[in-house]
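Read the structure below first, then the notes.
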Amino acid sequence: EAPAFSHYEELMFGKCSEVTIQSVPCAILQASAFVHFNDGQTLGDIAGQYNFASLSVAVSCVTIGFLVSTLSFDKDVDAKSRRTMGEFYGMIPDGTAWRFVSFVAMMM
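So in my numbering the end of the sequence shown lands on 125, straight run, no missing numbers.
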């Protein structure tokens, strides 16, 4: 009996679920808290906390970018995907340096 989904498809589903259910809502919550952070406080009181809050939002956004880029990158460089749907997949060029540059550009 063949499984309903391949291991690769299960991995993709897991990553999509993580981004949709966990990462994006957390980033929205952090951004909301960041925007409403300094209600009633002076800048001197919150300067150090403000830096940590902005760092937390930035890390969340980079993490989401990394997860989504990994999904796209893995599917794009997959030989089976390029063979069956070559007109759609194949954006990322062959070669290690260009793949790295493409991945970093997708993350940002």
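We treat Cβ as the ideally placed atom computed from N, Cα and C, and that holds for glycine.
- With a contact defined as Cβ atoms closer than 8 Å, residue 108 and residue 91 miss out at about 13 Å.
- With contacts defined as CB atoms closer than 7 Å, residue 125 and residue 83 fail to qualify as a contacting pair.
- Annotation for residue 72: no residue places its beta carbon closer than 6 Å to its own, counting only its chain and skipping 5 residues before and after.
- Judged by DSSP in its simplified three-state form, residue 108 adopts coil rather than helix or strand.
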